[in-house]
Amino acid sequence: MQSCVAIIVPTYNERENISILATRLQTILKDFVWEMVVVDDDSPDGTAEEVRILAQTMPNVRLLHRVGRRGLSSACIDGMMATQADAMVVMD
Numbered sequence: 014m015q016s017c018v019a020i021i022v023p024t025y026n027e028r029e030n031i032s033i034l035a036t037r038l039q040t041i042l043k044d045f046v047w048e049m050v051v052v053d054d055d056s057p058d059g060t061a062e063e064v065r066i067l068a069q070t071m072p073n074v075r076l077l078h079r080v081g082r083r084g085l086s087s088a089c090i091d092g093m094m095a096t097q098a099d100a101m102v103v104m105d
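Structure, rendered in structure tokens:
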């Protein structure tokens, strides 16, 4: 069984960038088992909704939508706690 890597992506107002990142990761990591865990801090620009739409066609993209909590460190920790991957990478 191949190891899985999780890319933890804390976001706030990244709607314009998130699908570009997911597409590039899909291309780069095509030979690996991976998942992208987007931890969104209730972005007012619709980042969470963009991730939900993206996840419909990319099942290895997941959303952790945080309401009432903000902060980079806690977003990274929450993302790490939400995966069972063998290795984790944080992209900010």
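Per this note's numbering: the sequence shown = residues 14 to 105. From the three backbone atoms N, C-alpha and C, an ideal C-beta is built for every residue, glycine too.
- Short of 6 angstroms from the beta carbon of Ala100, and not among the five residues preceding or following it, lie these beta carbons of its own chain, in chain order: Val18.
- Leaving aside the five residues that flank Leu67 on each side, the residues in its chain whose CB is nearer than 6 angstroms to its CB run, in chain order, Ser32, Ala35, Val74.
- In the three-state DSSP reduction, Ala88 falls in the helix class (H, G or I).
- Taking each of Glu29, Leu42, Thr24, Val46 in turn and checking the Cα distance to Ser16, the smallest one comes out for Val46.
- Take Asn26, set aside five residues on each side of it, and the residues of its chain with a beta-carbon closer than 8 angstroms to its own are Ser56, Pro57, Asp58, Thr60, in chain order.
- For Leu42, no alpha helix (DSSP H) encloses it, and the DSSP letter there is neither H nor E.
- For Arg75, the enclosing beta strand (DSSP E) has its first and last residue at 74-78.
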